[in-house]
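Written out below as structure tokens is the structure these notes cover.
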Amino acid sequence: MQNHPKTFLGSYGSTVSHGVQIDFKNVSKRFRTPKGGWYQALDQISFSVSPGEFVSLVGPTGCGKSTALSLVAGLEKLSLGQGQVNGTEVTDIDTNTGFVFQHDSLFPWMNVTKNVAAGPKFRGINSKIYEPKVSEWITKVGLSGFEKHYPHQLSGGMRKRVSLAQCLINEPQLLLLDEPFSALDVQTRALMSEELMNLWQDTGATVLFVTHDLEEAIALSDRVLVLTAGPAKIKADFKINLPRPRTVRDIRFTEKFRDLYQQIWEVLREEVDTAYQRQLKPEGVGQINE
46 MQNHPKTFLG SYGSTVSHGV QIDFKNVSKR FRTPKGGWYQ ALDQISFSVS PGEFVSLVGP
106 TGCGKSTALS LVAGLEKLSL GQGQVNGTEV TDIDTNTGFV FQHDSLFPWM NVTKNVAAGP
166 KFRGINSKIY EPKVSEWITK VGLSGFEKHY PHQLSGGMRK RVSLAQCLIN EPQLLLLDEP
226 FSALDVQTRA LMSEELMNLW QDTGATVLFV THDLEEAIAL SDRVLVLTAG PAKIKADFKI
286 NLPRPRTVRD IRFTEKFRDL YQQIWEVLRE EVDTAYQRQL KPEGVGQINE
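Here my numbering is used: the first residue of the sequence shown is 46, the next is one more, and so on.
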């Protein structure tokens, strides 16, 4: 049985109403090429995400997954189509959205405590309000005792824990994660996936997660969206009917998980093969003739 709150209330006063939180309809994105032409990254993608859902985007390398995430975040502008978050057109960065990037985004001159406190401090929140939360989040991500350490003194997994705390202390309604664990070794990655699952279940935030790891996507998600080789379209939308709460490391060994993996991989494999063939002959892929 899934246990998702339909309304998320942060103690800084942000709320998520019932209904659809992300609603993208026929969204396309194209970029200027160095030669002055146009490159099509996304081609009329449509999808929606409800409050409290955990949805993953999977697809071949370079198909446009991260571009889609950037559009939801307001980091890039839509070329065509309609994109809404919380019923409002996405035109800029929303302070109720958190983004965890693939690479480290910590401030190297700040220790763990100051990195975690950076968001509330920059938002002008009174230190008496956020300082107890800093200690709370450092404990939640398992870094008690490392408060005065700097990023270069931490392992990759520990830095990623700081990144999660740095983002989640702001109590985002929407959490966007762009392959956050891709640089970690296999064992640490499994542990961090488990950590993310536990933190998400505690906060009730909506999550849009980009990954190349299909096992990771299935283990974490309520739904998995498969994107085609670029220019990306939504090829399939799989509902992950696995019980919650779930343990990421154990759920992978169940028969239902294996069945889901096979179903999704059969769809995804076609696009991976297509993308590979295009790498051998890349001329003209995604180019728009004018």
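Ideal placement from N, C-alpha and C gives every residue a C-beta, glycine not left out.
Sub-7 Å separation of residue i and residue j beta-carbons
i    : j    : result
A262 : S101 : yes
Q127 : P96  : no
R338 : A320 : A question about residue 338 goes unanswered here, because the residues of the chain that appear run from 46 up to 335.
V186 : R206 : yes
F167 : N160 : no
G119 : V135 : yes
V255 : E224 : yes
V269 : F283 : yes
P105 : E316 : yes
V157 : H197 : no
I90  : V72  : yes
S266 : I279 : no
E179 : A162 : It is Val, not Glu, that sits at residue 179 in the sequence shown. Yes, these two residues count as a Cβ contact at 7 Å.
R234 : D149 : no
Contact belief for residue i with residue j at Cβ below 8 Å, rounded distance in angstroms
i    : j    : result
Q147 : S227 : 6 Å
A277 : L87  : 5 Å
L123 : L221 : With a Cβ gap of about 16 Å, L123 and L221 do not count as contacting.
T38  : L213 : Coverage of the chain is limited to positions 46 through 335, which leaves residue 38 absent and any answer about it impossible.
A229 : G202 : Strictly speaking, residue 229 in this sequence is Leu, with Ala absent from that position. Right, the Cβ-Cβ distance comes to about 6 Å (below 8 Å), so this counts as a contact.
L219 : T133 : About 12 Å separates the two Cβ atoms, so there is no contact after all.
L313 : F302 : About 16 Å; that fails the 8 Å criterion.
L259 : W310 : 6 Å
Where residue i falls, given that 16 or more other Cβ within 10 Å makes a residue buried
i    : result
F99  : buried
V130 : buried
D137 : exposed
P177 : exposed
T273 : buried
T112 : buried
S172 : exposed
L125 : exposed
R77  : exposed
S200 : exposed
W245 : buried
L54  : Since pLDDT at L54 reaches only 30, below the 50 mark, its modelled position is unreliable, and the value read off the structure follows with that caveat. By the 10 Å Cβ count, L54 comes out exposed.
K70  : exposed
Q307 : exposed
G275 : buried
S189 : exposed
E82  : The identity of residue 82 in the sequence shown is Gly, whereas the question assumes Glu. Exposed: under 16 other Cβ atoms inside 10 Å.
T299 : exposed
Q211 : buried
K326 : exposed
G169 : exposed
K110 : buried
N334 : Any reading at N334 must be qualified, since the residue scores a pLDDT of 47, below 50, and its modelled position is unreliable; no value is offered.
K74  : buried
T52  : With a pLDDT of only 30 at T52, under 50, the local geometry of the prediction cannot be trusted, and the value read off the model is given with reservation. Exposed.
G64  : exposed
Bridge-paired residues (DSSP) for residue i
i    : result
S93  : D68
G128 : F69
T133 : V130
F99  : V252
T4   : Here the chain covers residues 46 to 335 and nothing more, so residue 4 does not appear.
Chain C contact for residue i (CB, 7 Å cutoff)
i    : result
T112 : The question asks about chain C, but that chain is absent: this structure has only one protein chain.
Cβ-heavy atom distance, residue i to the ligand ATP, below 6 Å
i    : result
L222 : Within the structure as shown, the ligand ATP is missing, as the structure has no ligands at all.
- Message: Please give the ranges of any beta strand (DSSP E) in the segment 249-290, keeping only runs that are unbroken, at least 3 residues long and fully inside the region.
- Response: 251-255, 268-272, 279-284
- Item | Length at least 3, wholly inside the segment 162-237: the beta strand (DSSP E) runs in chain order | 219-223
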